[in-house]
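As numbered in mature numbering (1 follows the signal peptide of the UniProt record, and there is no 0), residues -20 to -1, 1 to 1023 make up the sequence shown, in order. Glycine included, every Cβ here is placed at the ideal spot set by N, Cα and C. Everything numeric in this text was worked out from a predicted model, so none of it was measured.
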Amino acid sequence: MGFFNMSCLILLSLVFSVLSFKGNCDDSQFTLKFFKAPHPFSHLNSAKFVFQVLGAANVTCSDCSITCKLDDGSASDCGGRKILYSGLQDGNHSFGVCVNGSQGAACTSYNWTVGGGGFRCSSVNDCNLLVYGAGQVVPSSLTVVEPNLKYLLLVSISSASRYGRLVLVMDTNFCTDAAGNPFARSQNSSFYVHYDQRNVFVDLRAHVPEKLLQLRSETRTIQATNNYNNLKVYLYFSAPILNSSTEILSSLSISKGTLLPITGENHGNRRFGFMVANISNIAIITISFDANSTISRQGTLVSPVAPVTFLYDSQRTAVRLSTTCRMRTREHNIPISIKFMKPVFGFNSSLISISGGRLQSFHEISRSIYAAAIQADDDVVSVSVPENVTGDVAGNKNLASNVLRVRHYTIPVISSVISIFVTAIFLLTCFTAGLLTMSTASLQSVGAFSRPSSSLSSDPTRILFRSACHIQIFALSRWLPVTLPVEYYEFARSMEWSIPYFSLPWETGHVQPVMMGSSPTGTSNSFLSRTYDRVISRSFQPNKIAAAVYGSPLTPVEYRSFFESQSIIPEAEYISDGLHSNGWRNFDRSMFWLAVIGGSLILLHAFLFFILKYKKRDSEKQGSYGALIFPRFEIFLVIVALPCICQAAAALIAGGTPSGVVVGILLLGVVAFLLLSLFLFLSVGITFGKLLQYKEVHREGQQFHWYQELIRVTLGPGKRGQWTWKNEANSVYLTMFGPLFEDLRGPPKYMVSQISGSNLSRQGGPIIASDDETEDAEAPFIQKLFGILRIYYTMLESARRATLGILAGAYLNNNNTSSKTPIIILLCLTSFQLFFLVLKKPFIKKKVQLVEIISLSCEVAMFATCFVLLDKEFSTTIGIFMLTLFLIGFLAQMSAEGYALYEQTKQLDTSENKFFTGLKIASVGFLLYFVPQKLMKSFESTFPVFGLCMDTSTTGLPCDRNSSSSERAWPRQLREMAKASFSKDGSKAPTDPSSSKSKWSGLWGTKRSGSSSLDSSLDYKSKSKSKGLYKDLEAIFASNPRM
């Protein structure tokens, strides 16, 4: 057995020595008298006895036989009346004397103890201190303080006993004093020792009602109250303590409020009470106790105790209803969010008041957030939660909620009709333009045209993509933070294909924002599921939950997490799944379909490009790929995709998830890089003239009527112009990067100084001499400055559409909010672009300028109407007005696109410029994709377009294939002028420029700035320059047959 907690016992003893002893033989006439005997407690291991035997009348017995015996040894004769024993062992000994004489026989004995003398404790079982109880002496600890008087001895308590009592008692007759008096017990010969090795515990208890709740599949204890009188805290100690109530109060700490002592019975310093005061209406109170300064009566410290936390809430619960749809919807099932300011218990679907519809489903997301689906039966559906139908954990009843009114409508017929009409017209136009582009590229790849014109591959494509951008603007406007009329809203919604924005293939039917964690049966599936205020469910088995968790109180953090007051502002994500609320669903819809549609178109482009490249490899006539050259089509796709990418990125950033923010920022970084690349290309390549140069025919001296001046001021001068790649006449890069600049006017370099634009076919009249009449003339500085600004129109348009995508994505999930800021930003940007368009007139062709003005004006009017709707109720009239705005811009663009397709088809017939002939040639170009190379020669005899002369390397001029009257005036006239000026077989080249006066009178005007007469001579160098000028003029007029 182990021993611990040694207790010290000081034993004070008086030791007396007994020096003499007289014994009478029992019932005999003999008397034995000891003259010498050992001390009753002797430290000697020897003993000598001297005695005398007296008979009757105290006469010495002389004839007696005397035997002596020590302890249990054998008897020996001791007639000499003395005997000596040595080598005695420590312990009790007995000396016996027997006398046998004539007077009879008798025996007597003498007892003594051999040892150290005085108090001794040699072992646990041989100790003069007796211990009764769960303890024993420790013999090795015996210490002599004063010899034969004071001793120190330890007593150990058994480790098996935590508390109890020990009785310490002195032994009897273990010593004598100097006079020989034996030790006798007195009142102080016994001592009681009470010991208690148990820990002193304290129970910190708040007299606040407790409830068992199941939180995240764990049953926990909740303490909450709305009664101020319940805010009492008590400390119960397992043993009396020495501290006072004031000292206990100083050891308590409280998170909110103060503690006041409560007077009352303390049960012998084992119970202390305090009252919580000075707290707010809602408070999570934590009280902790510092046990280090508290001491129990037996001197042990008090064990630490866990803090106690409870909720005090005297406020009634507010509730707010909201919906993810707008305040009007076409859906039959209306999702409703029911959000309480605090968690409530006992709320179910029967407590919802519904008018104009019926409850379809009910789900519990958490104890404070519920979701319901209402099926609309009438035009107006009203939903509310009455007051006092449910309560929070503290017992406060709820306040009445707001009344949520949602207008239910059907899709207006006008919206459906216009959307179907627009979609059909646009798709038909795209299909037609695509076929015509494929045919033209096929013809160009086999060298069917001796002088390829940029209008054959660019005009219809540019207008078509501008139409797609125009549709995108109206489609994205439905996500702006403004309540739009139903007619326009549904139309804009049906135009989402232009973004593109569709439901994903794995989304069945119309996907409505659904509740997270909801079950299809409408039963409760919450994080704070069932309350155990009344009875714990029988189906719940506590043995399946760890004992350490079951019923444990909530921590302060958990109280704040579950019960602290939350924001009452409703948000759509409370009834939306995570993908919808954080923008990932919108990102998936936009980027998935953008990848599918864009990738399919790029694959189709690559397929057609490789077909043309394969056929061109085996063809004798080498030509260009036209509009199918890479990456012309991809540049168009990137420009159209900018709003889609910006919208998806902004939606992710607005969602707030870390991964969404990172992906959104990366996407916006890509968009910023693309815009920066566009800016650098326009600045370095065009503004500084490193890559491109814009040449323009400048007409001076031409008279205009007032209406012509009005057109010139509004739509531009309509000058013929041509982009050229620097230091490369017919560079493929012009077509490749054409979407960025080809239909815009740049900083011009004039081709001629003066030209008569009244009648090119008029012959006669003198040539106006000029120092640089066969050289490019620099445009005035103001014209160059305007040209530099005009070229940034593409940059301005792209930045505006990217901004619209960002704003639409940022407000994508804020369906029922209104904000002026994004509307004002878009209105200002669009107005500035319209002002820029009217002031700078960036487009080469007046028809394109007019269509763009009409489209931008409609967009400005649309954004202005949205701004008005922020402060005004929507109506059918406003909706129809906004639809009319879209139709005006759309029909103008489609008209321009149709006319461009018509003109492009006519240009395919280079001989007679007839539409039906061009249509036949286009069909031939389409069939070339499927016709083997061997059969292509048969088409040359059928269609004259294949009989064109391809060798222009000698003269630099196109072959005179047909000079009939049906040929257009400007090529025939330019050709005739070239023959008159450069033919070797005709009249000799004049050495004097005046001799050519009659021949050039139809082209040159009557005056030239800076010169009043012709120069006296022209050399061969002047003729070669004139020949280069002819080529430039021919290229300009060929690429711009009509303005």
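- Taken through DSSP and simplified to helix, strand or coil, Tyr539 comes out as helix.
- Excluding five sequence positions before and after Gly606, the CB atoms of its chain that fall closer than 6 Å to its own CB belong to Thr420, Ala421, Gln424, Ser437, given in chain order.
- Membership of Ser875 in any beta strand (DSSP E) is not indicated; the residue belongs instead to the alpha helix (DSSP H) covering 856 to 887.
- Excluding the 5 residues flanking it on each side, Ile577 has same chain C-beta neighbours closer than 7 Å at Pro480, in chain order.
- The closest CA to that of Lys820, considering only Ser235, Pro697, Ile619, Glu367, is found on Pro697.
- In the three-state reduction of the DSSP assignment, Glu190 falls in the strand class, which pools E and B.
- Ser89 has Gly76 as its beta-bridge partners, per DSSP.
- One alpha carbon belongs to Leu907, the other to Leu408, and they sit about 20 Å apart.
- Considering only Lys62, Cys44, Gly76, the residue with the shortest C-alpha distance to Gly53 is Gly76.
- With 16 or more other Cβ atoms inside 10 Å of its own Cβ, Thr774 counts as buried.
- Annotation for Glu311: no alpha helix (DSSP H) segment contains it, and DSSP assigns it neither H nor E.
- A direct Cα-to-Cα measurement between Leu134 and Arg251 gives close to 37 Å.
- Residue Arg569 holds the alpha-carbon nearest to the alpha-carbon of Ser483 among Pro533, Leu416, Arg569.
- Within the region 18 to 70, no alpha helix (DSSP H) run of at least 4 residues lies entirely inside it.
- Taking His450 as the centre and dropping the five residues before and after it, the same chain places the C-beta of Ser835, Gly869, Phe870, Gln873 closer than 7 Å to its C-beta, in chain order.
- Contact annotation: the region 101 to 110 does not touch the region 59 to 66, with fewer than three C-beta pairs closer than 8 Å.
- Put simply, the backbone Cα of Ile391 is about 8 Å away from that of Val466.
- In this structure, DSSP gives Tyr208 a helical state, which the three-state scheme calls helix.
- Considering only Glu877, Thr205, Tyr879, the residue with the shortest C-alpha distance to Gly375 is Thr205.
- Here Pro623 is buried: its Cβ has 16 or more other Cβ atoms, across all protein chains shown, within 10 Å.
- For secondary structure counted as the beta strand (DSSP E) over 3 or more consecutive residues, the region 249 to 275 holds these complete runs in sequence order: 251 to 257, 262 to 269.
- Counting along the chain, Ile137 sits inside the beta strand (DSSP E) bounded by residues 130 to 138.
- In the structure shown, the three-state DSSP call for His388 is strand.
- Contact annotation, Ile615 with Ile771: C-beta distance approximately 16 Å; criterion of less than 8 Å not satisfied.
- Measuring C-alpha to C-alpha distances from Val288 to each of Ile264, Ser276, Gln167, Phe895 identifies Ile264 as the nearest.
- Taken through DSSP and simplified to helix, strand or coil, Ile332 comes out as coil.
- In the DSSP assignment, Ser457 falls outside any alpha helix (DSSP H) and carries neither an H nor an E.
- Under the three-state reduction of DSSP, Arg306 is assigned to coil, being neither helix nor strand.
- In the DSSP assignment, Ile242 falls within the beta strand (DSSP E) that extends over 238 to 242.
- Bounds of the alpha helix (DSSP H) holding Lys827 are 826 to 849.
- Within the same chain, and ignoring the five residues on either side of Met255 in sequence, the residues whose Cβ sits closer than 6 Å to its Cβ are Lys212, Leu240, Ile242.
- For Ile221, DSSP records a beta bridge to Ser276.
- Only exposed fits Pro536, as fewer than 16 other CB atoms lie within 10 angstroms of its CB.
- Around Ile443, the same chain offers Ala876, Glu877, Ala880 as residues with beta carbons nearer than 6 Å, after the five sequence neighbours per side are excluded.
- Look at Ser120 here: in three-state DSSP terms it is strand.
- When beta bridges are read from the DSSP output, Ser711 appears opposite no residue.
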